[in-house]
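A short write-up of the structure that comes next.
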Amino acid sequence: MSDTPEDLRHEIRQWLADNAPGDWRDQSTHEGFVASQRAWFAQLVAAGYAVPHWPGEWPGGGRSLAEQKIIYEELARADTPRLLLSFVSTYHAAATLMECASKEQAAHYLPRILKGETWCQGFSEPGAGSDLAAIRTKAVRRGDVYVVSGQKIWSTMAQYADMCLLLVRTSSEGAKQAGMTYLLMDMTLPGVSVRPIHQIQGDEEFAEIFLDEVEIPVSQRVGEEGAGWAVAQATLASERGLTLMELSYRMRGAMTRLVSEIAGTDRTEDRGVLRDLGALATRVDAVCALADRFLQKRMEDEEKIGDASVVKLAYARCLRAWAEMGVTLSGLSGQLHAPITYGDLNSGNWMADFMNSYAWTIAGGSDEVQRNIIAERMLGMPREPRGWKLEAGQ
Amino acid sequence: MSTMRRELEDSALKAFPHWEVVREREQARATVAELGWFMAGVPEDMGGLGLSRAELGVIFAQLGRALVPGGLVAQFLAVEALAGAQAFAGRDELLESAMAGEPLTASLAIGREGLEAVPDADLASHVLVRGVQEIALVALEGATIEPTPAWDTSRALFSVKPAEGGARLVLASGAEAAALNARLDELACLALAGDALGGASAVLAISIDYLGTRRQFDRPLAMFQALKHRAADLKAAIDTASALYDASSDARGTAMGAMKAHCCEVYKQVAEEAVQFHGGIGLTVEYPVHLFLKRAFLNRELGGSAGFWNERAGRALLEA
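So the protein lines, in turn, are chains H and P.
Counted from 1, the first sequence has number 335 at position 335 by full-length UniProt numbering; the numbering is strictly sequential.
Counted from 1, the second sequence has number 191 at position 191 by full-length UniProt numbering; the numbering is strictly sequential.
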C-alpha cells in the first residue's frame, strides 16, 4: 500500500507500463472478448486495482476518493479496456450484496465475483423500461422456491453471465412498487434462456432473458418479499458517481484520438477545426469537473435530488458530441465498416462509438427521464396531470 | 473556503438582493468598495484581505447575478496590476485609494491592441495600458475619451487615447510585464466567467418563476414538458460550467480563457432561451430578460471571444 497519492500514481503507472494489454482492441472481437476481459480483470484483481471502491477488507478495496481518481486517471491514460464484463458484478451486485443481502449471501458471492463470476441485471422488461415499477415478470411462492415466469430485456452481457440480479412481481396488490421482490438467480437453472440482441453497431452487448417456470430457492431472496423496490434503488445507486467519473476521465483521455485524426493533415491550420476541438476539450473538462464535484458531494453526504441526473445528462450529451466530432473528422474513411470491437466509448471506430453513445442517453433512465427529474425536483416545475387515459380514436 | 464562500454570498445578497436594486454605476462602485471587495485579492501585507482566486470568483458571480453595473472588472484589474507592480514612488497610496474605490480603469478587450472597450473611463483618473513590453498606468488628464455606447447599458464603455507625454507610471516591463499580463488576462477571464454564471443562474430563476405564473391552455406554462426539458438542459449546462469554473480558479493562460469562453456560451444560451420562455413580453423593455441577454453577448466579446480562446485551446491540445 502506498504512502501518498503520488506514490500510488507512480506505482500504478509502473504496473500499467508492464501489464496494460496494448492489443486489446484486436482481441475484443466477438470470439476473444470474454477471454480478454476475464484475463484483464484477473490481472487487476491480483494487482489490487479492480475494486478500489469496495471496503477495506477486500484486496485493493478501501481506497480513498483521491486514490480512486488516480487509479481511474491512470487506467484511462494507459488506454486500457474498460471492465465491461464485470461491471454489473463489481458495482451493482457487490453493492446489493454488501448493503441489502444477508451475511451468508454476501460471504458466498462476493469472493466469487473477485474470482471472475459474471453477473447481469434483470430489471427492464419489454413493457417496463424507464417506468421500472411496471414490471410484470411473475414469481409465485411454492414451498421453499419461487416459480418465476416472464421476460427481461436490455440485460448487459447476460449471455455470458453466471448470475442475475432479478426483479420480479410477487403481488399486484397496492402500489406498483409494493409488490416487487428481489432475487439472485443462477443463470444455469432450467427454464432460463438467453438471446443476445443485435445492436445497430454490430455488437451484442445486451440480451433478452426468457424465464419459463424457473424455480429459484427462497434463500436466494434479498430482503423481504415485497421489499424489492428499495433493494433495486440501492443497486441502481451503486454505480452513480464513480462510474461517471471513470467514464468522464476516459473521455478526456480519449481526446488524443481526436487529436490524432487531425495531426499530420492539412487541418492542423484549419481554424474552424481548432476551435471545435478546443471548445469540445473544454466541455469534456467541464464534465470531469462536474463528476468530481458530484462525487465530492456524495462523500460529504451533500448530494441533492437531481444532482445525479445532471451528471448523467451532461456526460451523455458530451459523449455524443465527442463521438460525433470523431465521425466528422474521420470523413469518408469513418463510414467504412470495421470489425466489431467491444470498447464502449473507445472502440477505435468512430461510427461504432457514436452509435454506442446512444446507450448512455437511453439506458439507466433516458435523457428525457433525467430532464423531468431536474425540472420537477431541482427547478420545482409542476408535474403533468396524472390519470391521463387514452380515449377512443386517439 | 466554504465558510468564506457563504459569507461573501450573504453580504452580496444583502448589498445586491435583486438585479434592480443598484442601477447606477457610481453607487454600485461605492457599495463594492464599502464591502471591501476591491481589496479582496490583495495580499494582507499590502493592506488587502488576501483572499484566493476561488473566493474572488464567488464575488464575480454575485456581481453578475445582480447585474451590478459599471466598470468593476476593470477596477479589479487595475488593483491587481498595482499589487503586482514593481515598487515605485506613490504606489502604495495609489493602491490604497484604488482599493477604496477611487476609479481606475483598463480595457477589457483581450487579444487586441489599443484602448477600446474601456469602462468608466469618464470617471477614472488613470487607465491601465498593457503593452507586450511594458505595463503602465497612464493619467487620463488631457486624454481623448469617446463614449462607445453598447447594447449592454449596464457597462459604460469608452474608446481612450491618452494625451501625448502624459504622466506614466511603469508597473512592469520585459519578462515581468509578460507575467503580469498573463495574470491580468486570467483575472479578467475569471471575472467575466463568474459574471456569466451568476447572470445565467439569475435569468433562469426569473424564467422559471415566470413559467410558473403564466397560464395558457388552462395550466401553468411550467407544466409543459417541452418547456421543462429545455429548462432542465439549461440547468445542467449551468451546473456543468459552474463545476468547471470552481475547478479553474487557479487555471493558467489558455485553460482559463477556454473556461471563460465555455461559461459565456452557456450564459448566451440561457439568456436566449429566457427571452423565448417569456414570449412577447420577453421583447419588452419592462421585463429584465433583455438586460441579461445584452450583458451575455457583451461578456462573450470582452476578455477574448470564444473563437480566440477555443482556437488556442485546440492548438494547445495538438501541440501537447
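Ideal Cβ placement from N, Cα and C applies to all residues, glycine included.
This structure is a prediction, so every number in the text was calculated from the model and none was measured.
8 Å contact criterion, which isoleucine 197 of chain H and glutamate 208 of chain H should meet: CB distance rounded
By one-based count along the first sequence, residue 197 of chain H stands at place 197. By one-based count along the first sequence, residue 208 of chain H stands at place 208. So it is a contact: roughly 6 Å between Cβ atoms.
Within 8 Å (strictly less), CB to CB, does glycine 334 of chain H reach chain P?
Counting from one through the first sequence, the residue named residue 334 of chain H turns up at place 334. By this cut-off, glycine 334 of chain H is not an interface position.
Of all the options P/Val289, P/Trp151 and P/Ala261, which has the alpha carbon lying nearest to the alpha carbon of glutamate 273 of chain P?
Along the second sequence, read from residue 1 onward, the residue named residue 273 of chain P stands at position 273. Closest in alpha carbon position to glutamate 273 of chain P, among P/Val289, P/Trp151 and P/Ala261, is P/Val289.
Let me see if you follow: with CB-CB separation under 8 Å, is methionine 255 of chain H close to chain P or not?
Translated into the one-based positions of the first sequence, residue 255 of chain H becomes position 255. Methionine 255 of chain H has a beta carbon lying within less than 8 Å of a beta carbon in chain P.
For the region 341-374 of chain H, list every residue whose C-beta sits within 9 Å of some C-beta in chain P, in sequence order.
Cβ contacts with chain P: Asp367, Glu368, Gln370, Arg371, Asn372, Ile373 and Ile374.
What residue from P/Arg155, P/Asp152 and P/His278 has the CA that sits closest to tyrosine 210 of chain P's CA?
On the second sequence, position 210 is the one that residue 210 of chain P refers to. The residue from P/Arg155, P/Asp152 and P/His278 with its alpha-carbon nearest to that of tyrosine 210 of chain P is P/His278.
Nearest-angstrom Cα distance between arginine 136 of chain H and glutamate 173 of chain H?
Reading the first sequence from its first residue, position 136 is the one you call residue 136 of chain H. Reading the first sequence from its first residue, position 173 is the one you call residue 173 of chain H. The straight-line gap from Cα to Cα measures roughly 13 Å.
Can you give me the C-alpha to C-alpha distance between glutamine 151 of chain H and valine 275 of chain P, rounded to a whole angstrom?
The sequence position of residue 151 of chain H within the first sequence is 151, counting from 1. The sequence position of residue 275 of chain P within the second sequence is 275, counting from 1. Between glutamine 151 of chain H and valine 275 of chain P, the alpha-carbon positions lie close to 48 Å from each other.
Does the distance from the C-beta atom of leucine 140 of chain P to that of alanine 121 of chain P stay below 8 Å?
The sequence position of residue 140 of chain P within the second sequence is 140, counting from 1. The sequence position of residue 121 of chain P within the second sequence is 121, counting from 1. Against a cut-off of 8 Å, the Cβ pair of alanine 121 of chain P and leucine 140 of chain P comes out as a contact.
Report yes if the CB atom of serine 357 of chain H is closer than 8 Å to the CB atom of leucine 332 of chain H, and no otherwise.
The sequence position of residue 357 of chain H within the first sequence is 357, counting from 1. The sequence position of residue 332 of chain H within the first sequence is 332, counting from 1. Not closer than 8 Å, so no.
If you drop the 5 nearest sequence neighbours on each side, which residues of the same chain put their C-beta closer than 8 Å to that of glycine 48 of chain H?
Your numbering for residue 48 of chain H matches position 48 in the first sequence. For glycine 48 of chain H, where only same-chain residues beyond five positions count, the Cβ hits under 8 Å are Pro59 and Gly60.
Write down every uninterrupted run of the beta strand (DSSP E) in the region 304-361 of chain H whose length is 3 residues or greater and which is fully enclosed by it, in chain order.
Within the region 304-361 of chain H, no beta strand (DSSP E) run of at least 3 residues lies entirely inside it.
DSSP-derived helix/strand/coil call for aspartate 212 of chain H:
Walking along the first sequence from the start, residue 212 of chain H turns up at place 212. Collapsing the DSSP output to three states places aspartate 212 of chain H in a strand.
Distance, threonine 153 of chain P Cα to glycine 101 of chain P Cα
Walking along the second sequence from the start, residue 101 of chain P turns up at place 101. Walking along the second sequence from the start, residue 153 of chain P turns up at place 153. When rounded, the distance between both Cα atoms is 21 Å.
Note the first and the last residue of the continuous beta strand (DSSP E) segment covering lysine 138 of chain H.
The residue you call residue 138 of chain H lines up with position 138 of the first sequence. Here the beta strand (DSSP E) through lysine 138 of chain H covers 138-142.
Buried or exposed (CB count within 10 angstroms, at least 16 for buried), alanine 17 of chain H:
Here the question's residue 17 of chain H lines up with position 17 in the first sequence. Its Cβ having fewer than 16 others within 10 Å, alanine 17 of chain H is exposed.
If you draw a straight line from the C-alpha of alanine 231 of chain P to the C-alpha of isoleucine 208 of chain P, how long is it?
Stepping through the second sequence from its first residue, residue 231 of chain P is reached at position 231. Stepping through the second sequence from its first residue, residue 208 of chain P is reached at position 208. For the pair alanine 231 of chain P and isoleucine 208 of chain P, the Cα-to-Cα distance works out to about 8 Å.
Let's see if you can read the secondary structure: which residues bound the alpha helix (DSSP H) around valine 273 of chain H?
Taking the first sequence and counting its residues from 1, the one referred to as residue 273 of chain H is at position 273. In the DSSP annotation of this structure, the continuous segment of the alpha helix (DSSP H) that includes valine 273 of chain H starts and ends at 271-299.
Here's the rule I'm using: 16 or more other beta-carbon atoms within 10 Å means buried, otherwise exposed. How should valine 285 of chain P be labelled?
The sequence position of residue 285 of chain P within the second sequence is 285, counting from 1. So valine 285 of chain P ends up on the exposed side.
What residues in the region 173-196 of chain P have a beta carbon less than 7 Å from any beta carbon of chain H?
Flagged: no residues at all.
Within the same chain, show all residues whose beta-carbon is closer than 7 Å to that of valine 231 of chain H, passing over the 5 residues directly before and after it, in chain order.
On the first sequence, position 231 is the one that residue 231 of chain H refers to. Result list for valine 231 of chain H: Thr96, Cys100, Tyr182, Val222 and Gly223, in chain order.
Using the beta-carbon of each residue, which ones in chain H are nearer than 8 Å to isoleucine 208 of chain P?
For the purposes of this step, residue 208 of chain P is taken as the residue at position 208 of the second sequence. Per Cβ cutoff of 8 Å: Leu379, Gly380 and Met381.
Among P/Phe217, P/Pro119 and P/Ala30, which residue has its Cα nearest to the Cα of serine 97 of chain P?
Here the question's residue 97 of chain P lines up with position 97 in the second sequence. Among P/Phe217, P/Pro119 and P/Ala30, the Cα nearest to that of serine 97 of chain P belongs to P/Ala30.
Could you check what DSSP says for glycine 253 of chain P in three-state terms: helix, strand or coil?
Position 253 of the second sequence, counted from the first residue, corresponds to residue 253 of chain P. Under the three-state reduction of DSSP output, glycine 253 of chain P falls in the helix class.
Taking DSSP's pairing of strands, which residues face threonine 96 of chain H in a bridge?
On the first sequence, residue 96 of chain H is found 96 positions in, with the first residue counted as 1. As DSSP reads the structure, threonine 96 of chain H sits in no beta bridge.
Looking at chain H, is there any beta carbon in it that lies within less than 8 Å of the beta carbon of glutamine 225 of chain P?
As a position in the second sequence, residue 225 of chain P is number 225, starting the count at 1. It does: the Cβ of glutamine 225 of chain P has a partner Cβ on chain H nearer than 8 Å.
Below 8 Å on C-beta distance, what does alanine 296 of chain P contact in chain H?
Within the second sequence, numbered from 1, the residue matching residue 296 of chain P stands at position 296. The contacting residues do not exist; alanine 296 of chain P stays about 17 Å from chain H at best.
Count the other CB atoms, across all protein chains shown, that sit within 10 Å of the CB of aspartate 299 of chain H; report buried if there are 16 or more and exposed otherwise.
For the purposes of this step, residue 299 of chain H is identified with residue 299 of the first sequence, where counting begins at 1. The question names aspartate, yet the displayed sequence has methionine at residue 299 of chain H. Taking all protein chains shown into account, methionine 299 of chain H has fewer than 16 neighbouring C-beta atoms within 10 Å of its C-beta and is therefore exposed.
In this structure, what does DSSP give as the bridge partners for tyrosine 182 of chain H?
Position 182 of the first sequence, counted from the start, is the residue given in the question as residue 182 of chain H. Partner(s): H/Leu167 and H/Val222.
Should isoleucine 135 of chain P and aspartate 185 of chain P be called a contact, given that it needs their Cβ atoms to be closer than 8 Å?
Walking along the second sequence from the start, residue 135 of chain P turns up at place 135. Walking along the second sequence from the start, residue 185 of chain P turns up at place 185. No, Cβ-Cβ distance for isoleucine 135 of chain P and aspartate 185 of chain P is not below 8 Å.
Using a 10 Å radius around the Cβ and a threshold of 16 neighbouring Cβ atoms, would you call glutamine 37 of chain H buried or exposed?
Counted from its first residue, the first sequence places residue 37 of chain H at position 37. By the 16-neighbour rule on beta-carbons within 10 angstroms, glutamine 37 of chain H is buried.
Suppose you measure from the CA of valine 192 of chain H to the CA of threonine 170 of chain H; what does that come to, to the nearest Å?
Along the first sequence, one-based indexing puts residue 192 of chain H at 192. Along the first sequence, one-based indexing puts residue 170 of chain H at 170. Approximately 19 Å between the Cα atoms of the pair.
Taking the Cβ atom as the reference point for each residue, do alanine 237 of chain P and glutamine 269 of chain P lie within a distance shorter than 8 Å?
Walking along the second sequence from the start, residue 237 of chain P turns up at place 237. Walking along the second sequence from the start, residue 269 of chain P turns up at place 269. Closer than 8 Å, so yes.
So, does the CB of threonine 268 of chain H fall closer than 8 Å to a CB anywhere in chain P?
As a working note, residue 268 of chain H is residue 268 in the first sequence. So, interface residue.
What's the gap between the Cα of tryptophan 119 of chain H and the Cα of leucine 165 of chain H?
In the first sequence, residue 119 of chain H corresponds to position 119, counting from 1. In the first sequence, residue 165 of chain H corresponds to position 165, counting from 1. Distance between the alpha carbons of tryptophan 119 of chain H and leucine 165 of chain H is about 7 Å.
Would a C-beta distance cut-off of 8 Å place valine 127 of chain P and valine 118 of chain P closer than the cut-off?
Translated into the one-based positions of the second sequence, residue 127 of chain P becomes position 127. Translated into the one-based positions of the second sequence, residue 118 of chain P becomes position 118. Contact flag set, yes.
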